[in-house]
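**Student:** Following the UniProt record's numbering, the numbering of the sequence shown begins with 1 at its first residue and continues without gaps.
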Amino acid sequence: MARPKVAGRDDPPRHVRAREFRKEEKRAEMARKRKYTKEARKKRRITFDLNVRPCDRSLVNAVHAFRATHEINQMIAANLAIEAKAKANSGDKNDNALGTIVLLQKMHRALIARQMERLLKQDPLFTSLYVFLSDLLDTYYLHLRTNAFYLWWDEAYTFCVDNHILFCIYLGYLL
1 MARPKVAGRD DPPRHVRARE FRKEEKRAEM ARKRKYTKEA RKKRRITFDL
51 NVRPCDRSLV NAVHAFRATH EINQMIAANL AIEAKAKANS GDKNDNALGT
101 IVLLQKMHRA LIARQMERLL KQDPLFTSLY VFLSDLLDTY YLHLRTNAFY
151 LWWDEAYTFC VDNHILFCIY LGYLL
């Protein structure tokens, strides 16, 4: 039995190549149309504030990029607090669970203050940043006795006061 005739089965190679080329050309054209629509261009466009000087723009972009990391940090802290509360509630019922949590928080703040004091003595980079920020703010918010604390995460210095990011410097921009 002979095979049924199908269009394009016995085409010479140059016809096959031409047909494949037209298919690829059409795919590329459709992709180009999808790429250059107004919605696609709006998604790709990076908006920036015209009030920020070009030399400061990289630092502002770093702060915006770090905001997501800070939100993750807050989520982790909330999860740790929930775990501590659950652990305290599941333990001995004679203990005062809420007092235990408050005590742990006070100990944590004291530990952070001690770490900051140690860093100020050992790390000249941190000391210079501390002095720079103190001069920049003209009010000494970053004094060790306030609620200021220092985080080290993802090779970035972040200074937080009352859970608000004041300043973030990636080491690459500083060096």
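All residues carry an ideal CB built from backbone N, CA and C; glycine is no exception.
Within 10 Å of its beta-carbon, does Phe-21 have 16 or more other beta-carbons around it, so buried, or fewer, so exposed?
**Tutor:** exposed
**Student:** Does DSSP put Thr-37 in a helix, in a strand, or in coil?
**Tutor:** Thr-37 falls in the coil class under three-state DSSP.
**Student:** Since Ala-28 and Arg-34 should fall inside the 8 Å C-beta cutoff, what is the C-beta to C-beta distance between them, to a whole number of angstroms?
**Tutor:** Going by Cβ atoms, the distance from Ala-28 to Arg-34 rounds to 11 Å, so no, they are not a contact pair.
**Student:** Please report how far the alpha carbon of Lys-23 lies from the alpha carbon of Ala-31, in whole angstroms.
**Tutor:** 12 Å
**Student:** Can you grab the Cα-Cα spacing for the pair Glu-71 / Leu-80, in whole Å?
**Tutor:** 14 Å
**Student:** At the level of alpha carbons, what is the spacing between Leu-50 and Asn-73?
**Tutor:** Straight-line Cα distance between these residues: approximately 30 Å.
**Student:** What's the C-alpha gap between Arg-53 and Ile-82?
**Tutor:** Separation of Arg-53 and Ile-82 (C-alpha to C-alpha, rounded to the nearest whole angstrom) is 43 Å.
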